[in-house]
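K.L.:
In terms of our numbering, the sequence shown opens at residue 394 and continues consecutively.
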Amino acid sequence: MQIYVGCALRNAPNAFKDEVEEMKDALEAGGHELLRFVGEDDTPSRDVFEHDIACVQACDVMLAVVTEPSLGLGMELMEALHLSKRIIVLAEEGAHLSKMVLGAAEVGGHAMVWYQTGGLTGAALHALN
């Protein structure tokens, strides 16, 4: 199963990005194949867009970590919805999510998983099983 993990990058705190990387490492250690998005490097914007959308198109399931706001993640989430992909939306308890994100999970019948601080990896692994 190919998994694409979408999350905020540009304005997200380092602790959040570190937790997402730990989750990805745990998923790979558990035998899951991850489609990696382009990180914050010197890659041209057009290449980032094309690569990340191709990952959404190729994945079997999208893990959308929506704890931190991200316009790009919203675009990826909408692409996954249009393609009828399996989506698991993960958010830390207490996160202030947009009604668009919450509504997308409800309308599409996708899993909305709330996790406690530091519990992202466990929540993701549990949601995939």
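Just so you know, even glycine gets a beta-carbon here, dropped at the ideal spot from N, CA and C.
Quick one: measure Cβ to Cβ for L521 and L483, integer angstroms, because I've assumed they're closer than 8 Å.
P.N.:
Contact flag wrong, Cβ pair sits at about 11 Å.
K.L.:
Residues in its own chain within less than 8 Å of A451 by CB, not counting five upstream and five downstream?
P.N.:
Q395, Y397 and L428.
K.L.:
Is the region 500 to 508 touching the region 470 to 489 in the sense that three or more CB pairs, one from each, lie closer than 8 Å?
P.N.:
In short, these stretches touch, since the Cβ pair count reaches three.
K.L.:
So if DSSP puts Q395 in a beta bridge, which residue, or which two residues, is it bridged to?
P.N.:
Q395 is bridged to E426.
K.L.:
From the DSSP secondary-structure annotation, give me the bridge partner or partners of M374.
P.N.:
Lying outside 394 to 522, the shown extent of the chain, residue 374 is not represented and no answer is given.
K.L.:
Which residues in the same chain have their Cβ closer than 8 Å to the Cβ of E421, if we skip the five residues on either side of it in sequence?
P.N.:
So the list reads L427, once near-sequence residues are dropped.
K.L.:
Sort out for me which residues DSSP pairs L483 with in a bridge.
P.N.:
Partner(s): V458 and V506.
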